[in-house]
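Taking it in order: structure first as structure tokens, then the write-up.
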Amino acid sequence: MPLVDSRVHQVRFGNSKFQLCLREQRPSSGDAARPVLYVHGFTFPSDLSIFWEVDGRSWADALNEANFPVWGLDFLGFGGSSRYPEMDLATPPAGKPLGRVVEAKDQILCAAKHVLATSGAARLSVIAHSRGTIPAGLFATEYPDLIDRVVFFGPFAQRHMCELPYGLPTDPERLAPWRVVTIAAQHERFVEDVPAGNPSVLNEENFEAWATAYLATDPTSASRDAPSVKVPNGPAADVIEAWTGRIAYNPANIKSPLLVVRGEWDSLSNDDDAAWFMNGATASVGRRDVKLPNGTHLMLLENGCDALHKASVEFLSEP
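Structure below.
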């Protein structure tokens, strides 16, 4: 589908020297009236998620085909946005995890204001993935008048766990300001939730191209023995708090229509997690939970991503 406009915006974050990167992709109609702001997850930015093509078509393309202009936000420390000075060091310094939920919520607000001012729209819809749903949830509860609809893909819910997976400590203050993520670690995460005996849902050729693009987001990636990407640890700290009973927002304060959509094999966003949203988001009229077959937490990059595209477009298009 031909695009009338696809460009990058650099937006100053508050009074700081930091710049937020926003990618805009409008449909061929040029219509800007119903903007969608995408909020990425743990470890990779919007270029490698909503704008990444699987078999020649991205999630943004699918939304454009339904006449939704798409904006993708990169949090500070990711993609095209400014890096924290601490991330310029060869090893993580002492200090707290960078990019915690309140600051991330403020970055979403900054991006939303720019989107609304540029498009002339009164409201926008939000699509958030994975950890991105935590600051997006906080944003939705604090600024309901700016929001039309909310789509949470693979969201983190509040759990009460005594032991956390992936070696995460139960105290987020034990995390360094940032960490590195290797391609091997990404690949393991992409495939680990597929049940034994089922065919792979990951296109390996597509993943190789994705991995090359991922390493290119960090100018220092090749300087380490295993090429890797530095990422802020704030997202991990937010998940620790969510999984130890201290999620940053109350879903009862989400007033917009809410879609929780997830792959059936997603271990990070399971049936109990979806029930937490459905039972808790009592002010959200028309809230719904959609579980898609043969998908994991990374379904947006898998062979079955068309089902995810369809579910989100149908929800956003309803009267």
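If you count by this note's numbering, then the sequence shown holds residues 190 to 508, one letter each, in order. In this text, a Cβ means the ideal position worked out from N, Cα and C, and glycines have one as well. No experiment lies behind these values; they were computed from the predicted model shown.
- The C-beta of residue 359 has fewer than 16 other C-beta atoms within 10 Å across all chains shown, which makes the residue exposed.
- Runs of the alpha helix (DSSP H) spanning 4 or more residues and lying entirely within the stretch 305-382 occur at 322-331 and 372-380, in chain order.
- Bounds of the alpha helix (DSSP H) holding residue 399 are 393-404.
- In this structure the stretch 412-420 touches the stretch 368-376; the number of beta carbon pairs closer than 8 Å is three or more.
- Counting only residues of its own chain and dropping the five nearest sequence neighbours on each side, residue 424 has a CB closer than 6 Å to the CB of 231 and 320.
- Setting aside the 5 residues that flank it on each side, residue 488 is surrounded in the same chain by 452, 481, 494 and 497, each with a C-beta closer than 7 Å to its C-beta; the list follows chain order.
- Secondary structure at residue 423: helix, using DSSP grouped into helix, strand and coil.
- Close CB contacts of residue 298 within its chain, under the 7 Å cut and outside five residues either way in sequence, are with 328 and 332 (chain order).
- Residue 199 counts as exposed, since fewer than 16 other C-beta atoms from the protein chains shown sit within 10 angstroms of its C-beta.
- In the structure shown, the three-state DSSP call for residue 206 is coil.
- Pairwise C-beta distances place the stretch 431-447 in contact with the stretch 468-482, as three or more of them are shorter than 8 Å.
- Between residue 197 and residue 213, the C-beta gap is smaller than 9 Å, which places the two residues in contact.
- For the stretch 233-285, the full-length beta strand (DSSP E) segments reaching 3 residues or more read 259-263 along the chain.
- Distances from the alpha-carbon of residue 312 to those of 426, 402, 433 and 224 put 224 closest.
- Secondary structure at residue 428: helix, using DSSP grouped into helix, strand and coil.
- In the three-state scheme derived from DSSP, where H, G and I count as helix and E and B as strand, residue 410 is classed as helix.
- The C-alpha of residue 264 is placed about 19 Å away from the C-alpha of residue 284.
- No Cβ-Cβ contact shorter than 9 Å links residue 446 with residue 479.
- The C-beta of residue 401 has fewer than 16 other C-beta atoms within 10 Å across all chains shown, which makes the residue exposed.
- Bounds of any beta strand (DSSP E) do not take in residue 469; it lies within the alpha helix (DSSP H) bounded by 460-469.
- As DSSP reads the structure, residue 223 sits in no beta bridge.
- Annotation: the continuous alpha helix (DSSP H) that includes residue 499 extends over 494-506.
- Residue 422 sits buried, since 16 or more C-beta atoms from the chains shown fall within 10 Å of its C-beta.
- Counting the other Cβ atoms within 10 Å of the Cβ of residue 362 gives fewer than 16, which makes it exposed.
- Judged by DSSP in its simplified three-state form, residue 480 adopts strand.
- The straight-line gap separating the alpha-carbon atoms of residue 294 and residue 326 is approximately 9 Å.
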